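Participant: Below you'll find the structure I mean.
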Amino acid sequence: MVNQVGRYAASDEVDDFLLMKMVMELPEKDKMVMWSQGYLDSVIEKLPEYARDILENRKQKWEDTKEFYQQQIEEILSDEEFIKQSKGERKQFALFVMEHYRELQSLLFAAYDGKITDEDIRKFVYRRRFGGRKKYLH
């Protein structure tokens, strides 16, 4: 789902000053949504040169975080114990992942099924930052 800024940037006639104003008014969460859904680059292209760093700096930070999780997943996938468990019964494997890698379980199950994508990791990074689940103290 593309937000208003994304739709405006995708239109044929874009006023770069108006687009810059729209981007600056966006909350951090909406800027990250544009990145996680993969259309932030098209918005950056339409911004004037002097205003591109508004999003480029944030994008780099999010890309670094995505790389961190990607490396973690690759390390786990190459771990001997993980490989051994993945060759066993699926239920036992699921319990193993939930016990040892709770926070990364969605990505690990996607990787196990061979369906992990770059978009999955982007959405994971977004959810880690602006997650829907509340963590309570009790």
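According to the numbering used here, the residues represented by the sequence shown are 864 to 1001, in order.
Cβ coordinates follow ideal geometry from the N, Cα and C atoms, glycine included.
Small disclaimer: the values here were computed from a predicted structure and weren't measured.
1. Under 8 Å by Cβ, that's how I've got K892 and F993 pegged, so tell me the actual separation to the nearest angstrom.
2. In terms of residue numbering, what span does the alpha helix (DSSP H) encompassing Y913 cover?
3. Buried or exposed, going by whether 16 or more other CB atoms sit within 10 Å of the CB of I946?
4. Going by alpha carbons, who is nearest to P911 out of F880, M895 and V988?
5. If I'm right that L970 touches I984 with Cβ under 8 Å, what's the distance once you round it to whole angstroms?
6. How would you call H1001, buried or exposed, if buried means at least 16 neighbouring beta carbons within 10 angstroms?
7. Alpha helix (DSSP H) containing F880: first to last residue?
Facilitator: With the given structure in hand:
1. 5 Å
2. First-last for Y913: undefined, no H or E at that position.
3. exposed
4. F880
5. 7 Å
6. With a pLDDT of 40 at H1001, under the threshold of 50, the modelled position of this residue cannot be trusted; read the value that follows with caution. Per the 10 Å Cβ criterion, exposed.
7. D879 to E888
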